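In UniProt numbering, the protein residues as written are 1 to 145.
Glycine included, each C-beta is placed from N, C-alpha and C at the ideal position.
Just so we're clear, the structure is a prediction, and the values are computed from it rather than from any experiment.
What follows is the structure in structure tokens.
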């Protein structure tokens with residue numbers, strides 16, 4: 001049995017963040033969305049900074065438009081999900097570079113997610129076998145066949 005000698009760079013390179021794990025088609029869409037935003041001035045968020053609420057709102061609007069069946073942003077012609085990703089990238093970049101104005105609401109005093117989960121579990125238990133299957137796009141497409 002023979003072993004293939006390894007390039008010394010492999011040992012070091014394997015310990016660094018793996019950019020090859022990021023899907024290239026998504027990065028290309030992200031690049032297109034980021035360039036479409038140059039109407040505001042490329043990299044403006046690194047100079048003038050951003051408010052968290054503005055990018056949260058924009059990301060959520062794109063996600064909600066996608067969720068309601070609109071795949072493409074009518075203004076740019078690019079996918080809503082790519083716009084949402086761009087909003088989050090800008091938000092994170094601003095946070096990393098101390099250019100984020102954190103105008104989120106005050107943090108809750110208690111663990112609201114656990115409380116909400118308990119309430120949701122209670123609702124599901126009360127529904128038990130009473131809930132009907134949801135109507136989704138999958139069902140509509142199957143009925144059309």
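Asked                                                                                                                                                                                       : Found
Since residue 49 contacts residue 86 with CB under 8 Å, what's their CB separation in whole angstroms?                                                                                      : So it is not a contact: roughly 17 Å between Cβ atoms.
For a minimum of 4 consecutive residues, which ranges assigned as the alpha helix (DSSP H) are wholly contained in the UniProt domain "dATP/dGTP diphosphohydrolase N-terminal" (7 to 104)? : 8 to 13, 24 to 36, 44 to 47, 52 to 67, 80 to 96
Between which two residues does the alpha helix (DSSP H) containing residue 107 stretch?                                                                                                    : It is not in any alpha helix (DSSP H) - residue 107 carries neither H nor E in the DSSP assignment.
State whether the stretch 103 to 121 contacts the stretch 61 to 73, with contact taken as three or more CB pairs (one from each stretch) at a distance under 8 Å.                           : no
Closest to residue 100 by CA distance: which of 22, 55, 21 is it?                                                                                                                           : 55
Name the residue from 23, 96, 57 whose alpha carbon lies nearest to the alpha carbon of residue 47.                                                                                         : 96
Using 8 Å for Cβ pairs, my map puts residue 45 next to residue 90. What's the rounded Cβ distance?                                                                                          : 5 Å
Sort 62, 92, 94 by Cα distance to residue 79 and report the nearest one.                                                                                                                    : 62
What is the DSSP secondary structure of residue 132, reduced to helix, strand or coil?                                                                                                      : coil
The alpha helix (DSSP H) that contains residue 126, what's its start and end?                                                                                                               : 112 to 127
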